[in-house]
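Here is the structure we will look at.
Residue numbers (the UniProt record's numbering): 1 to 341.
Right, here's the structure in full:
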């Protein structure tokens with residue numbers, strides 16, 4: 001009886017070994033098959049003119065699909081890419097070509113999702129953008145370029161609460177100087193800083209990154225935004241909540257000195273409406289010229305002062321509208337709003 005059991009066990013062990021060998025043989029055969037029939041990007045027509053050809057030429061893919069810009073070769077089922085008239089998820093490389101047949105995009109897929117390189121090109125072959133995809137999402141570093149080939153922007157992306165967000169971003173003028181930066185502070189909250197070409201700051205904004213529209217990022221101003229003139233002078237300190245200025249204190253500066261401060265009565269400041277209080281200061285001075293309070297809806301009580309600080313006039317009017325240096329007021333707001341919006 002013991003001998004029979006022993007022989008059975010030996011037979012089972014041999015079968016396991018044979019099965020493992022067979023599996024390893026199949027795996028080896030499959031890998032050899034793939035290596036024999038894999039396609040290198042260098043074999044695809046038109047790739048040699050691409051500016052990053054040396055970087056991508058040896059990437060191997062299972063198969064290649066080509067399409068013209070504005071057309072589709074895939075059906076999407078539950079978000080997964082299937083070649084039309086096929087029932088197997090696409091794994092390989094999608095090549096997008098312009099009407100002139102130049103390559104304008106290379107995108108790797110695995111099991112129906114974007115996985116690998118995701119490159120866009122100008123028709124001259126220079127990179128337009130370069131990224132790495134993981135399961136249809138951009139993660140890590142993304143580079144954007146001007147048609148000249150110079151770096152336009154570097155962005156870094158990460159996952160936050162199930163969505164892909166910008167972690168930090170730097171944009172450049174074509175001469176290589178920094179144009180703007182973004183740095184996430186806490187989840188979707190971020191700080192944006194803009195620069196003039198002379199290197200001086202143009203703005204510092206606190207924003208919320210809004211991803212409610214797929215494929216697009218909106219930056220909602222939330223908190224304090226500071227605007228500067230090209231010479232470095234302070235131009236405005238503005239406050240927002242969810243992109244609205246309504247009911248929040250605003251300050252405008254002239255030649256670096258505080259000129260107006262008020263509460264905005266408008267969602268966006270270019271409407272120039274005020275509420276609650278309005279103060280005007282003499283030019284190049286911190287002395288009050290006009291001090292108005294809204295005592296009730298539409299009714300203002302104002303005090304007007306001389307340069308020496310003594311009271312010049314005092315009045316209340318239901319129809320009073322604070323007088324402003326209109327040329328400065330309009331130019332300042334146009335300038336600031338062009339910077340911030």
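Where is the CB? At the ideal position from N, CA and C, for every residue including glycine.
Counting only the Cα atoms, residue 182 lies some 43 Å from residue 299. The region 122 to 141 and the region 85 to 97 do not touch, with fewer than three beta-carbon pairs separated by less than 8 Å. Look at the beta carbons and you see the region 210 to 227 touching the region 236 to 252: at least three pairs across the two are nearer than 8 Å. Nearest neighbour of residue 55 by Cα position, chosen from 110, 119, 72, turns out to be 119. Annotation for residue 178: the continuous beta strand (DSSP E) segment containing it runs 178 to 186. Here residue 289 is near residue 305, since their CB atoms are less than 8 Å apart. When rounded, the separation of the alpha-carbon atoms in residue 141 and residue 169 is 9 Å. Cβ neighbours of residue 255 within its own chain (closer than 8 Å, five residues either side excluded): 233, 283, 284. Closest in alpha carbon position to residue 150, among 171, 338, 96, is 171. Separation of residue 252 and residue 78 (C-alpha to C-alpha, rounded to the nearest whole angstrom) is 52 Å. The region 221 to 290 is shown to contain whole beta strand (DSSP E) runs of 3 or more residues at 234 to 240, 249 to 254, 257 to 264, 274 to 281, in chain order.
Counting the other Cβ atoms within 10 Å of the Cβ of residue 314 gives fewer than 16, which makes it exposed.
Per DSSP, reduced to three states, the secondary structure at residue 307 is coil, with no helix or strand assignment.
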